[in-house]
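Numbering (full-length UniProt numbering), first residue to last: 1 to 256. Glycine is no exception: its CB is placed at the ideal position from the N, C-alpha and C atoms. Working notes, beginning with the structure itself.
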């Protein structure tokens, strides 16, 4: 037991120590090479940005995270709704299925200028872009998994004379949950990047605007600080979805 505990601790500590070592080596290398700060700033300079600009970074991060979370919530609702409609109606499935498949090949960022024109420079276009990024992958996975579940278990449902609503909530929907969480985990991190990129094209505040202003003044240290925040939030979001998956789908253990 003690050996397993120490092994788990070491697996978590060693990556952190390795990253710290890389940062230390990079600091020394950049100092000796005298690389201009506008090209690659010292890691210590990036740390200074977090210490001096933390209020501004936090305020802008809060704006982007608010847009992103609202978009993700609406995307989940819309994705589940479209998936359910496609599952219940063959006519709707025949219409939606090709559109959902085609949607996976579309880079949704191309719609950003149109969304800016239609919805303005506020929160709405960023939320809409997040909804587009997240909802269609969820819809596609849900409709496919629900239909597959019905094919696999419809004989059991008929034998036990389970009504359609009970069959959906107790058999079909739980069957589709692993696929739902997999789709959510992939799209949720991409959608945060989409929200930031949408802010770059036009916004009043947010991480995208912070990045744009830092770039305009050649403050590479601030750009890197913002990128670190974006990466951190993306990693935290995927970790949270994985944790939620394990808690909700307690009857099924899988490595994801």
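Query: At what residues does the alpha helix (DSSP H) containing residue 102 begin and finish?; Result: 90-103
Query: What separation, rounded to the nearest whole angstrom, lies between the Cα atoms of residue 117 and residue 155?; Result: 52 Å
Query: Quick check on the DSSP output: the alpha helix (DSSP H) that includes residue 217 runs from which residue to which?; Result: No alpha helix (DSSP H) contains residue 217, which DSSP labels as neither H nor E.
Query: Around the C-beta of residue 20, are 16 or more other C-beta atoms found within 10 angstroms, so that it is buried, or is it exposed?; Result: exposed
Query: Using beta-carbon positions only, say whether residue 136 and residue 103 come within less than 7 Å of one another.; Result: yes
Query: Determine the burial state of residue 168: buried for a count of at least 16 other Cβ atoms within 10 Å of its Cβ, exposed for fewer.; Result: buried
Query: Can you tell me whether residue 123 is helix, strand or coil according to DSSP?; Result: coil
Query: What is the DSSP secondary structure of residue 15, reduced to helix, strand or coil?; Result: helix
Query: Which residue wins for smallest C-alpha separation from residue 101, given the options 141, 71, 66?; Result: 141
Query: Consult DSSP for residue 244 and reduce its assignment to one of helix, strand or coil.; Result: helix
Query: Determine the DSSP secondary structure at residue 106, reduced to helix, strand or coil.; Result: coil
Query: Leaving aside the five residues before and after residue 204 along the sequence, list all residues of the same chain whose C-beta is less than 8 Å from its C-beta, in chain order.; Result: 121, 122
Query: What is the residue span of the alpha helix (DSSP H) that residue 35 lies within?; Result: Per DSSP, residue 35 belongs to no alpha helix (DSSP H) and is neither H nor E.
Query: Going by C-alpha to C-alpha distance, which of 192, 236, 139 sits closest to residue 81?; Result: 139
Query: Residue 71 and residue 131 - do their beta-carbons sit closer together than 7 Å?; Result: yes
Query: Taking the Cβ atom as the reference point for each residue, do residue 128 and residue 115 lie within a distance shorter than 7 Å?; Result: yes
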